[in-house]
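For reference, the structure discussed in these notes is given below.
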Amino acid sequence: FFFPGLISSRIYMAPLMTSLRPHSVAARSSTFVSRNALALKPATVACPRVPAQARLTVTFAAESGERFRLHNIAPQPGSKRARKRIGRGYGAGQGGSCGKGMRGQKSRSGESIAAGFEGGQMPLYRRLPKLKGIAGGMASGKPKYIVVNLRDVARKFSEGETVSKETCKEKRLINPSGYYRNLPLKVLGEGEELPSNLTFEVGAVSAGAQAKVEAKGGTVNILPGKPKWTRAVPAR
26 FFFPGLISSR IYMAPLMTSL RPHSVAARSS TFVSRNALAL KPATVACPRV PAQARLTVTF
86 AAESGERFRL HNIAPQPGSK RARKRIGRGY GAGQGGSCGK GMRGQKSRSG ESIAAGFEGG
146 QMPLYRRLPK LKGIAGGMAS GKPKYIVVNL RDVARKFSEG ETVSKETCKE KRLINPSGYY
206 RNLPLKVLGE GEELPSNLTF EVGAVSAGAQ AKVEAKGGTV NILPGKPKWT RAVPAR
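Dropping the structure here:
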């Protein structure tokens, strides 16, 4: 039975609530007792509502005994966090200025300041002194040759052989890689013992090294370098 006048009374509804407790699911869908009149919780614990930001990071851990598969793979909880979206009104909990202050370049949307910019004054990277060559970041300081000395040549080569970049690589005298692979070979004059009748086919040679090689009956052939690119000048 149902009495409309007794719905709002907690005293008269207590026996009815007690009788409906085992059947909480049926009670919520009953046409005799409204949902607002029942102050009951269902017997099964319902899952709480997940916030919108945390909903993207819900992980499904594999059950005990289940093997690791593609359907249960997920990042660790807390490793992925949603981006903080500012400037979406007072409801976002960031206040009216969203933590950016009231005015200025940094408070605008899409603001960006170049790295090292100091408001127009001379920046630090221009105030500091620079080193010469490659230490200061200049291309003029990069090596232009792969360098070997006559003492190294005397240790690897014998009489009558040809010394070139290819033969030096075969005898493990040099091992150029990266930037050095395309550099020519240059011979310097450190060392006194030198086999005779050696033929040098290199990109450059020092004056002292050339004198020592020719004193032992050897020859030096300077290979042509890579032509330097120049912009073509149109004919007038």
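In terms of our numbering, the sequence shown opens at residue 26 and continues consecutively.
A virtual CB, placed ideally from N, CA and C, is assigned to each residue, including glycine.
Close beta carbons around Y205, own chain, < 8 Å, minus the five adjacent residues each side: Indexing the sequence shown from 1 puts residue 205 at position 180. Apart from the 5 residues on each side of it in sequence, Y205 sits with its Cβ closer than 8 Å to the Cβ of P168 and I171 in its chain, given in chain order.
Which of helix, strand or coil DSSP assigns to S189: Here residue 189 corresponds to residue number 164 of the sequence shown, with the count starting at 1. Strand, per DSSP.
My output table needs one value for L95: the three-state DSSP class, helix, strand or coil. If you number the sequence shown from 1, residue 95 lands on position 70. Shown here, L95 sits in a helix according to DSSP, grouped into three states.
I'd like the list of long-range same chain contacts for P148, defined as Cβ closer than 8 Å, with 5 residues on each side in sequence excluded. One-based indexing of the sequence shown puts residue 148 at position 123. G141 and F142.
Less than 8 Å separating the Cβ of F93 from some heavy atom of the ligand SAH? This structure simply doesn't include the ligand SAH, nor any ligand for that matter.
Sequence-distant residues of its chain with Cβ nearer than 6 Å to K125 (five each side left out): Start at 1 with the first residue of the sequence shown, and residue 125 comes out as number 100. Taken in chain order, the residues that qualify are S132.
What alpha helix (DSSP H) runs, 4 residues minimum, are completely inside the region 138-199? 149-152, 175-181 and 190-195
What is the DSSP secondary structure of A236, reduced to helix, strand or coil? Here residue 236 refers to the residue found at position 211 of the sequence shown. For A236, the secondary structure class from DSSP, reduced to helix, strand or coil, is helix.
L223 and T255 - do their beta-carbons sit closer together than 9 Å? For the purposes of this step, residue 255 is identified with residue 230 of the sequence shown, where counting begins at 1. For the purposes of this step, residue 223 is identified with residue 198 of the sequence shown, where counting begins at 1. Not closer than 9 Å, so no.
Using 9 Å as the threshold, is the C-beta distance between G250 and P220 below it? Residue 250 sits at position 225 when you count from the first residue of the sequence shown. Residue 220 sits at position 195 when you count from the first residue of the sequence shown. No, Cβ-Cβ distance for G250 and P220 is not below 9 Å.
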